[in-house]
Each structure stands twice: as C-alpha cells, then as structure tokens.
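Here's the structure, in structure tokens; my notes come after.
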Amino acid sequence: MNASSSTVLFSFRRCPYAIRARMALACSGIPVQIHEVSLKNKPETMLALSPKGTVPVLHCADGKVIEESLEIMVWALEKNDPENWLFGYESDYSKQLISANDGPFKHWLDRYKYFERYPELSQNQYREQAEQAFISQLEAQLTKGLFLGGDQPFVADVAIFPFIRQFAAVDSAWFEQSRWSKTRLWLKYWTQSELFTKVMAISK
Numbered sequence: 018m019n020a021s022s023s024t025v026l027f028s029f030r031r032c033p034y035a036i037r038a039r040m041a042l043a044c045s046g047i048p049v050q051i052h053e054v055s056l057k058n059k060p061e062t063m064l065a066l067s068p069k070g071t072v073p074v075l076h077c078a079d080g081k082v083i084e085e086s087l088e089i090m091v092w093a094l095e096k097n098d099p100e101n102w103l104f105g106y107e108s109d110y111s112k113q114l115i116s117a118n119d120g121p122f123k124h125w126l127d128r129y130k131y132f133e134r135y136p137e138l139s140q141n142q143y144r145e146q147a148e149q150a151f152i153s154q155l156e157a158q159l160t161k162g163l164f165l166g167g168d169q170p171f172v173a174d175v176a177i178f179p180f181i182r183q184f185a186a187v188d189s190a191w192f193e194q195s196r197w198s199k200t201r202l203w204l205k206y207w208t209q210s211e212l213f214t215k216v217m218a219i220s221k
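Under the working numbering, the residues of the sequence shown are numbered 18 to 221, in order.
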C-alpha cells in the first residue's frame, strides 16, 4: 500500500475513522499512498483539499476529494469488494448500527476516555453510559451470530470495531473481565486479523 500511486490517503494511525477507511482500502486492493498526519502540524496540502482539517481525507487519482470515512469505505468497496462487505450496507439495520456508534456511543466514549475534561460524571459513570448506549446492543446482536450481520462480516463490523477497540483499551483489565464476552470475541477477531495488522503497520 505504500507503493507509488496518485491516490493519497491522509491518515492518523490510531484514529478509528482513519482505521476503518484504511481497512476498506486495503481490502479492496486499491493502491494508495498513506500520508501519516501529525494532528498538531497538519500538512498544508491536506488543509487545501479539506479545510475542516480532520482525517481521513482521500485524494483520488482523478482529483476527487472524499472527506468522510464511510464515503471512503464505500468508494473503495464499490470498486472491488472481495469479501462482500457492502452486502446489506444500505439496510436500515446497518445504518442504525453505524449511526448509534458514530453518534451516542462516540459521545460517551470520548467522555469515558477523557473524563478529566468532563467532571459532571465519574469515569465509571461515563463507561456505564457507553455500555447502555451501544455495547449492550452489540452484545445482544452478537449472540445471534459471529458478526453483526450474522455469520459473515459486513461494512458495519468494519466501521464499528475501531471504536470498540478504543473503548476496550481505556481499562483493558476491566474489559477482559466484563460481561461482554461476545463483544470481546468479535473484537479479538478483528484486532488479530491479518488485514488489521497490515493497516496498523503502514502508518507507523
């Protein structure tokens, strides 16, 4: 993926939005140059393409600029989707899952991670809010199959797991002992996958 290419992804290695974009690009096999961004010193080339200044940003070979991670995923997988991840993507179920992750869960996740900035509640209370907002829903769904769509992974799995990875990492000892056993197994599948290892190595 670091081979010479006229398509460039501005990325930040640990950002969950960037991770899901890189996962889809890697799965599709599209050659992309990964430009690792310092969030404290964002490159002028990226800001000229996308003044909002957040990653990921994809600058396509034809000049098109895609500024949203989900749009990057769909763009890549519509070109080549060997794992059939786009199956069911347009369903209300898929949209609801991703919306709940990117909305309420992300809200509570940020407060759980950076609880010192939000003294209104304790860290444990923020964690409980995140569990109620989304983790409990994932766990219930994963009792029905290995993945969120059943026995085969699809876009929602890939779009969501980087955020659950962040949630688990805040207090990994607690997470490993928590009641979310199905969610742990699901997360382990993704974080131990060859594809995830690949996309986390390219941006070091």
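Where a beta carbon is used, it is the ideal one built from N, C-alpha and C, also for glycine.
Starting from the Cα of residue i, find the closest Cα among the options and give me that residue.
i    : options                : result
L26  : K81, Y106, V49         : V49
A35  : F122, V74, R144, P170  : V74
Q154 : L138, Q142, D188, P121 : P121
E196 : W92, E156, F180, P33   : What sits at residue 196 in the sequence shown is Arg, not Glu. That would be E156, whose Cα lies nearest to the Cα of R196.
W102 : L66, L159, F164, K57   : F164
I177 : L66, L87, T62, G46     : L87
K96  : A185, E107, L42        : L42
T160 : L126, N141, L202       : L202
E145 : E107, S108, A185       : A185
From residue i to residue j, what does the alpha carbon distance come to, in whole angstroms?
i    : j    : result
H124 : P99  : 33 angstroms
F171 : R128 : 28 angstroms
N118 : I152 : 9 angstroms
C32  : C44  : 18 angstroms
V187 : Y131 : 10 angstroms
Check the DSSP bridge columns for residue i and list the partner residues they point to.
i    : result
H124 : In the DSSP output, where bridge partners are listed per residue, H124 has none listed.
E75  : It is worth fixing the name first, because residue 75 is Leu in this sequence and not Glu. L26, I83, per the DSSP bridge assignment.
N58  : S55
G167 : F164
By the DSSP assignment, the alpha helix (DSSP H) with residue i in it spans what residues?
i   : result
S86 : 86-96
I need the boundaries of the beta strand (DSSP E) containing residue i, first residue and last residue.
i   : result
I51 : 50-53
S28 : 25-28
Could you tell me which whole beta strand (DSSP E) segments of length 3 or greater appear in the segment 109-158?
Fully enclosed beta strand (DSSP E) runs of no fewer than 3 residues are not present anywhere in the segment 109-158.
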